[in-house]
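**Student:** Taken in sequence, the protein lines are chains U, A and V. Using UniProt numbering, you'd call the opening residue of the first sequence number 1 and step up by one each time. Using UniProt numbering, you'd call the opening residue of the second sequence number 1 and step up by one each time. Using UniProt numbering, you'd call the opening residue of the third sequence number 1 and step up by one each time. Backbone N, C-alpha and C fix where the C-beta goes; we use that ideal spot for every residue, glycine too. These numbers were taken from a predicted model, which means no experiment stands behind them. There's a structure below that I have some questions on.
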Amino acid sequence: MAQRIDTKDLNIYYSSFLAVEAVNMTIEPKSVTALIGPSGCGKSTFLRTLNRMHEVIPGARVEGHVEMDGVDLYGPNVDPVAVRKNVGMVFQRPNPFPTMSIRDNVLAGVKLNNKRISKSDADDLVESSLHGANLWNEVKDRLDRPGSGLSGGQQQRLCIARAIAIKPQVLLMDEPCSALDPISTIAIEDLIGELKNDYTIVIVTHNMQQAARVSDRTGFFNIAGTGKPGKLIEMDDTATIFSSPAEKATEDYVSGRFG
Amino acid sequence: MSVATESSSPGGSPDTARLLATVDPARRRTDRTMQVLIYIAFALAMIPLIWLIWTVVAQGADRISIDFLTQSMRNIFGGDPRGGIYHAIAGTVIITLLATVISVPIGILTAIYLVEYGKGWLARSVTFFVDVMTGIPSIVAGLFAFSLFALIFGPSVRIGIMGAVALSVLMIPVVVRSCEEMLKLVPNELREASYALGVPKWLTIVKVVLRTSVAGLTTGVLLAVARVVGETAPLLVTVGVTDSINFNPFEGRMMTLPVFAYRQYSQGNAPCPGGDSATCVADIASQNAWGAALVLIAMVLALNLIGRLITRWFAPKLG
Amino acid sequence: MSTTISRPPARGSRRRRSSTTDRGFNRVFRWIAVGAGATILAVLAAVALFLISEAWPAIMASPEELASGVPRYPEDTSLLGYLGPLVYGTILAAVLALVIAVPVSMGIALFISHYAPRRLSQLLGALVDLLAAIPSVIYGLWGFFTLAPVLTPFWLWLNDNLGWFPFWGGQASPTGRSMATVGIVLAIMILPIITAVSREVFLQTPRLHEEAALALGATRWEVVRTAVLPFGRSGVISASMLGLGRALGETMAVLMILSPGFTYSLDILAAGQHQTIAAYIAADFPESTGLGVNTLIAAGLALFVITLAVNMAARWVVARRKDFSGAN
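In structure tokens:
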């Protein structure tokens with residue numbers, strides 16, 4: 001269910017602009033890896049290369065390797081569509097499909113792959129996915145209502161249910177709580193804690209307390225100045241990063257001296 | 001997964017490789033098929049465009065000459081290859097200019113009303129009916145102008161100004177729509193800056209808003225002119241046809257380019273005993289029609305091109 | 001020098017004076033603008049009124065009066081019975097054009113919004129818009145002289161081999177001057193408007209929804225199907241109705257290509273079966289007098305009402321869409 005990801009000398013470009021430089025990182029299976037750093041340091045850009053969402057932006061490209069269990073995601077026999085099916089993603093702002101019901105939203109990804117899923121299988125999958133996202137009890141009576149009628153936090157959990165319904169190996173989260181209120185944020189954080197039993201999770205966050213609360217390991221990205229590429233400065237156990245980081249820049253950032 | 005298999009496959013775990021290899025081939029195929037169909041759809045639109053322009057140029061180019069552009073069809077009968085479209089060009093220019101003179105003030109002022117003053121039910125209904133007016137069939141606009149003038153001057157009246165009124169009905173909504181878009185592009189900061197200097201609202205509109213958007217307004221007007229300059233049906237029922245030059249839009253029938261093209265088309269082949277000769281060409285009417293069509297299409301495309309270039313070159317850089 | 005010194009107070013006083021008259025000017029300018037807006041409503045009302053007043057004699061006339069006053073008017077037929085085949089022909093032509101144009105337009109709109117390189121999309125859009133700039137009389141010439149001869153063998157083949165299909169029966173026209181050819185030309189003419197509106201709607205699809213579909217492992221077509229098309233559905237519907245309105249009112253192309261007739265026939269490959277209101281008016285108007293003109297204007301009134309209804313419905317769909325878009 002969960003697999004490890006290694007990046008090797010990963011350079012990320014927008015056309016000729018080098019946005020992120022030389023990232024070497026290992027993401028352990030069944031753990032939560034948090035990526036922190038100031039705005040514009042490339043942590044979201046990096047995240048989007050892990051499921052090849054980066055390349056949908058015109059002119060965007062990468063150099064180097066991203067390997068899942070030793071298989072290069074950018075290798076010649078790899079289909080980006082298959083990559084995205086195996087590496088799920090949850091976005092900054094909840095984005096359920098507005099024209100679909102809650103049920104259809106959960107099934108959206110599955111229906112792409114397997115159009116003839118039986119009704120009972122579909123029902124089971126909807127229930128288990130919504131359970132997995134801690135949303136079942138709140139929506140079980142209104143599965144046929146539009147997903148856009150839910151609160152922001154519920155919508156985000158619906159998006160998580162939608163992502164885990166296709167049973168990915170890895171789940172990427174791009175600042176999943178930044179558009180949510182504190183109570184919804186706690187609900188999502190609790191959920192992340194449960195999900196890591198089954199999935200490899202990578203979460204980008206602005207909120208250092210959140211990184212400290214939910215993650216096992218933390219990577220700190222920084223940028224030397226405007227127009228310079230972002231870099232992975234340091235990566236270690238979360239406790240180490242927040243208590244005794246090896247780098248000065250990391251210490252400055254986590255102690256709130258900038259960013 | 002045993003250690004042995006992992007180390008023996010440098011490409012990584014074969015299970016994962018299979019997972020990341022291509023998805024369901026049926027989905028791939030659908031994706032490719034749809035992509036091809038969508039490309040074909042675009043090609044389907046380009047085929048008639050190129051084919052049509054090519055046909056008009058190929059068929060019309062031979063007929064174009066100085067004589068064709070500077071003579072009327074007065075006293076030209078049958079297969080006589082002389083004569084030209086001067087009267088039709090004159091009529092088209094006069095009637096289109098008149099229509100522009102009627103439509104532009106109403107159109108721009110309406111756009112100003114909608115952008116600068118418009119609120120409440122009147123603005124909402126004006127917006128709605130401008131949209132509805134864009135859908136009036138051109139022949140209905142012609143019938144309207146006919147009815148209007150027939151009630152005043154009797155049912156046999158055919159004068160240039162009737163055509164101009166008919167074209168105005170078609171032109172006003174186009175002018176309003178495009179000018180409204182242009183005025184909306186003027187940033188509010190400019191208006192506020194002007195108010196802050198104590199300039200009254202009407203002067204702000206005239207000196208700041210209109211001046212900032214003048215290139216866009218010109219484009220809008222030119223595109224509207226391009227749209228009505230090729231209208232045939234409304235002129236057929238209001239202005240009639242003639243073979244002579246008439247510069248007076250308030251008296252007598254006038255010829256216009258599109259009506260000329262239609263008129264020549266509907267005449268069919270001329271009888272030429274003994275085949276084509278210097279004085280008798282059997283298909284001269286269709287040659288005339290293509291010649292007029294070429295001049296007309298050149299006018300329309302030139303108006304479109306100039307209109308678009310004006311905004312590109314002269315529009316002030318906003319924001 | 002002395003004048004410049006004396007100026008400031010003078011300027012100040014002038015400004016004060018002008019600000020009082022400005023209120024008057026402001027009001028005048030405002031009323032001019034409002035007047036222009038009201039003119040639009042007045043013009044539309046005038047169109048309806050004048051058409052009704054000129055159509056009235058024909059509407060009020062008995063079948064006998066119409067038969068004696070209008071050339072080629074059949075015996076014992078009410079005005080509605082007379083206009084019926086024309087309304088049918090008009091709707092048939094427009095629907096035919098729409099059936100051809102909508103799928104193609106959606107393809108073009110998707111091509112420009114989601115398939116073609118971003119940098120080219122504006123240019124490609126302008127190219128498609130050029131189709132709308134070409135005068136209808138030129139479409140008529142081209143359709144009659146160029147397209148119809150090219151299509152004729154194909155229509156004859158359809159007629160020979162698939163004549164059992166309801167629309168392809170009857171005696172196929174050897175010149176191609178049939179409703180089928182008209183439908184294709186009208187479709188080309190309404191492509192740009194349908195494409196332009198659909199393109200705008202497709203471009204407005206929130207990036208978030210497209211990325212959501214991508215992240216679930218959707219192919220490009222599946223992104224279009226799950227995120228773009230559902231979002232743009234009402235926009236496409238109203239675009240199609242605008243195109244329908246255009247096709248209903250198109251005159252010259254029909255007039256020049258179609259061999260007219262006054263039946264309720266389904267045979268779109270046959271000549272001499274159909275005629276549209278607009279083409280009928282343009283064909284007969286120059287030679288008509290008296291009650292004949294009134295009858296034609298009554299036909300024009302019918303066309304006006306039909307297109308008005310279609311356009312208002314289209315605008316209503318657009319306006320309704322505005323209410324709930326952007327919420328997500």
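Whole angstroms are fine: how far does the CA of U/Asp216 sit from the CA of U/Ala224?
**Tutor:** The residue labelled residue 224 of chain U in the question sits at position 224 within the first sequence. The residue labelled residue 216 of chain U in the question sits at position 216 within the first sequence. Roughly 27 Å separates the two Cα atoms.
**Student:** In whole angstroms, give me the CA-to-CA distance for A/Asp62 and A/Gly291.
**Tutor:** Position 62 of the second sequence, counted from the start, is the residue given in the question as residue 62 of chain A. Position 291 of the second sequence, counted from the start, is the residue given in the question as residue 291 of chain A. If I take the Cα positions, the gap works out to 8 Å.
**Student:** Apart from the five residues just before and just after A/Leu309, which ones in its own chain have a Cβ nearer than 8 Å to its Cβ?
**Tutor:** One-based indexing of the second sequence puts residue 309 of chain A at position 309. None.
**Student:** Judging by CA-CA distance, which residue of U/Cys159, U/Val32 and U/Ser16 is the nearest neighbour of U/Ile203?
**Tutor:** As a first step, residue 203 of chain U is located in the first sequence; it is residue number 203 there, counting from the start. When only C-alpha atoms are compared, the closest one is U/Val32.
**Student:** Determine the chain V residues that contact A/Trp202 at a beta-carbon separation under 7 Å, and present them in chain order.
**Tutor:** Position 202 of the second sequence holds residue 202 of chain A. Within chain V, the residues whose beta carbon sits less than 7 Å from that of A/Trp202 are Phe25, Asn26 and Phe29, listed in sequence order.
**Student:** Sort out for me which residues DSSP pairs U/His131 with in a bridge.
**Tutor:** What you label residue 131 of chain U is simply residue 131 of the first sequence in a count that begins at 1. Answer is none; U/His131 lacks a bridge partner.
**Student:** Fully enclosed by the segment 191 to 253 of chain A, which alpha helix (DSSP H) runs are 4 residues long or longer?
**Tutor:** 201 to 204, 214 to 229 and 233 to 238
**Student:** What does U/Ile117 touch in chain V if you count any residue whose Cβ is under 8 Å from its own?
**Tutor:** The residue given as residue 117 of chain U occupies position 117 in the first sequence. Ordered by position in chain V, no residue passes the 8 Å Cβ test against U/Ile117, which lies about 15 Å from the chain.
**Student:** Go to U/Gly219, then tell me how far its beta strand (DSSP E) extends in each direction, as first and last residue.
**Tutor:** Within the first sequence, residue 219 of chain U is the residue found at index 219, counting from 1. Arg217 to Ile223 is the extent of the beta strand (DSSP E) around U/Gly219.
**Student:** Under the rule that 16 or more other beta-carbon atoms within 10 Å means buried, what is V/Pro166, buried or exposed?
**Tutor:** Here residue 166 of chain V is taken as the residue at index 166 of the third sequence, counted from 1. Using a 10 angstroms sphere on the CB of V/Pro166, the tally of other CB atoms stays under 16, which defines it as exposed.
**Student:** From V/Ala46 to V/Ile134, what does the alpha carbon distance come to, in whole angstroms?
**Tutor:** Mapped onto the third sequence, residue 46 of chain V falls at position 46. Mapped onto the third sequence, residue 134 of chain V falls at position 134. Distance between the alpha carbons of V/Ala46 and V/Ile134 is about 29 Å.
**Student:** Below 9 Å between beta carbons is the criterion; list the residues of the segment 147 to 179 of chain A that meet it against any residue of chain V, in chain order.
**Tutor:** Ser147, Leu148, Ala150, Leu151, Pro155, Ser156, Ser168, Val169, Ile172, Pro173 and Val176
**Student:** Alpha carbon to alpha carbon, how far is U/Met173 from U/Val90? Give it in angstroms, no decimals.
**Tutor:** In the first sequence, counting from the first residue as 1, residue 90 of chain U sits at position 90. In the first sequence, counting from the first residue as 1, residue 173 of chain U sits at position 173. Roughly 5 Å separates the two Cα atoms.
**Student:** For A/Arg243, which option in A/Leu236, A/Met255, A/Thr232 and A/Val237 has the closest C-alpha, if you only look at C-alpha atoms?
**Tutor:** The residue given as residue 243 of chain A occupies position 243 in the second sequence. A quick correction: the sequence has Asp, not Arg, at residue 243 of chain A. Looking at the Cα atoms, A/Met255 is the closest of the given residues.
**Student:** Output the boundary residues of the alpha helix (DSSP H) element that contains U/Lys43.
**Tutor:** Here residue 43 of chain U refers to the residue found at position 43 of the first sequence. Here the alpha helix (DSSP H) through U/Lys43 covers Lys43 to Thr49.
**Student:** With distances taken from CA atoms, which of U/Ala246, U/Ser129 and U/His65 is nearest U/Asn51?
**Tutor:** By one-based count along the first sequence, residue 51 of chain U stands at place 51. Comparing Cα positions, the closest option is U/His65.
**Student:** Would U/Ile5 and U/Glu67 qualify as a contact pair, given that the criterion is a beta-carbon distance under 9 Å?
**Tutor:** What you label residue 5 of chain U is simply residue 5 of the first sequence in a count that begins at 1. What you label residue 67 of chain U is simply residue 67 of the first sequence in a count that begins at 1. Yes.
**Student:** Report the start-end ranges of each alpha helix (DSSP H) in the segment 65 to 138 of chain V that is 4 residues or longer and not cut off at the edges.
**Tutor:** Segments of the alpha helix (DSSP H) lying fully in the segment 65 to 138 of chain V: 79 to 110 and 118 to 133.
**Student:** Whole angstroms are fine: how far does the CA of V/Phe144 sit from the CA of V/Gly176?
**Tutor:** Walking along the third sequence from the start, residue 176 of chain V turns up at place 176. Walking along the third sequence from the start, residue 144 of chain V turns up at place 144. Near 8 Å, if we compare the C-alpha coordinates of V/Phe144 and V/Gly176.
**Student:** Quick check: what's the CA-CA separation for V/Val28 versus A/Glu116?
**Tutor:** Within the third sequence, residue 28 of chain V is the residue found at index 28, counting from 1. Within the second sequence, residue 116 of chain A is the residue found at index 116, counting from 1. Approximately 14 Å between the Cα atoms of the pair.
**Student:** Beta-carbon within less than 8 Å of V/Ala116's beta-carbon, same chain only, minus the 5 sequence neighbours each way: which residues are those?
**Tutor:** Your numbering for residue 116 of chain V matches position 116 in the third sequence. Taken in chain order, the residues that qualify are Leu124.
**Student:** Kindly indicate which three-state DSSP category U/Tyr13 falls into: helix, strand or coil?
**Tutor:** Here residue 13 of chain U corresponds to residue number 13 of the first sequence, with the count starting at 1. U/Tyr13: strand per DSSP, three-state reduction.
**Student:** Are any of the Cβ atoms in chain U nearer than 9 Å to that of A/Leu97?
**Tutor:** Here residue 97 of chain A corresponds to residue number 97 of the second sequence, with the count starting at 1. False, the Cβ-Cβ gap to chain U never drops below 9 Å.
**Student:** Listing by chain order, which chain V residues have their CB less than 7 Å from the CB of U/Leu112?
**Tutor:** By one-based count along the first sequence, residue 112 of chain U stands at place 112. The answer, in chain order, is Leu216, Gly217, Ala218 and Glu222.
**Student:** Here's the rule I'm using: 16 or more other beta-carbon atoms within 10 Å means buried, otherwise exposed. How should V/Gln273 be labelled?
**Tutor:** Locating residue 273 of chain V in the third sequence gives position 273, counting from the first residue. Classification for V/Gln273: buried.
**Student:** Is any heavy atom in the ligand NAD found nearer than 8 Å to the beta carbon of V/Met179?
**Tutor:** Although the ligand NAD was asked about, the structure shown includes no ligands whatsoever.
**Student:** Any beta carbon from chain A within less than 9 Å of U/Asp72's own beta carbon?
**Tutor:** Indexing the first sequence from 1 puts residue 72 of chain U at position 72. U/Asp72 counts as touching chain A.
**Student:** Less than 9 Å between CB atoms is the rule here; does A/Thr16 satisfy it with respect to chain U?
**Tutor:** The residue you call residue 16 of chain A lines up with position 16 of the second sequence. So yes, A/Thr16 belongs to the interface.
**Student:** Can you name, in chain order, every residue of its own chain whose Cβ lies under 8 Å from the Cβ of A/Arg82, other than the five neighbours on each side?
**Tutor:** Translated into positions along the second sequence, residue 82 of chain A becomes position 82. The answer, listed in chain order, is Asp67, Gln71 and Ile76.
**Student:** With three or more C-beta pairs closer than 8 Å as the rule, is the segment 248 to 255 of chain V touching the segment 173 to 191 of chain V?
**Tutor:** With a cut-off of 8 Å, the segment 248 to 255 of chain V and the segment 173 to 191 of chain V count as touching, because enough Cβ pairs lie within range.
**Student:** Please report the residue range of the beta strand (DSSP E) in which U/Ile201 lies.
**Tutor:** For the purposes of this step, residue 201 of chain U is taken as residue 201 along the first sequence, with counting starting at 1. Thr200 to Val204 is the extent of the beta strand (DSSP E) around U/Ile201.
**Student:** Give the secondary structure of V/Val317 by DSSP, where H, G and I count as helix, E and B as strand, and everything else as coil.
**Tutor:** Translated into the one-based positions of the third sequence, residue 317 of chain V becomes position 317. Reduced to three states, the DSSP call for V/Val317 is helix.
**Student:** For chain A, check one thing: does any of its Cβ atoms lie closer than 9 Å to the Cβ of V/Ala319?
**Tutor:** Start at 1 with the first residue of the third sequence, and residue 319 of chain V comes out as number 319. Cβ-Cβ to chain A under 9 Å: yes for V/Ala319.
**Student:** Let me confirm a value: V/Tyr82 is counted as buried when at least 16 other C-beta atoms fall within 10 Å, else exposed. Which label applies?
**Tutor:** Locating residue 82 of chain V in the third sequence gives position 82, where the first residue counts as 1. By the neighbour-count rule (16 or more Cβ atoms within 10 Å), V/Tyr82 is buried.
**Student:** With a 10 Å radius around its C-beta and 16 neighbouring C-beta atoms as the bar for buried, classify U/Lys228 as buried or exposed.
**Tutor:** Here residue 228 of chain U corresponds to residue number 228 of the first sequence, with the count starting at 1. Answer is exposed; the Cβ neighbour count stays below 16.
**Student:** State the CB to CB distance for the pair V/Ala97 and V/Ile190, rounded to an integer number of angstroms; the pair is presumed to be in contact (CB under 8 Å).
**Tutor:** Within the third sequence, residue 97 of chain V is the residue found at index 97, counting from 1. Within the third sequence, residue 190 of chain V is the residue found at index 190, counting from 1. That belief holds up - the Cβ atoms of V/Ala97 and V/Ile190 are roughly 6 Å apart, short of 8 Å.
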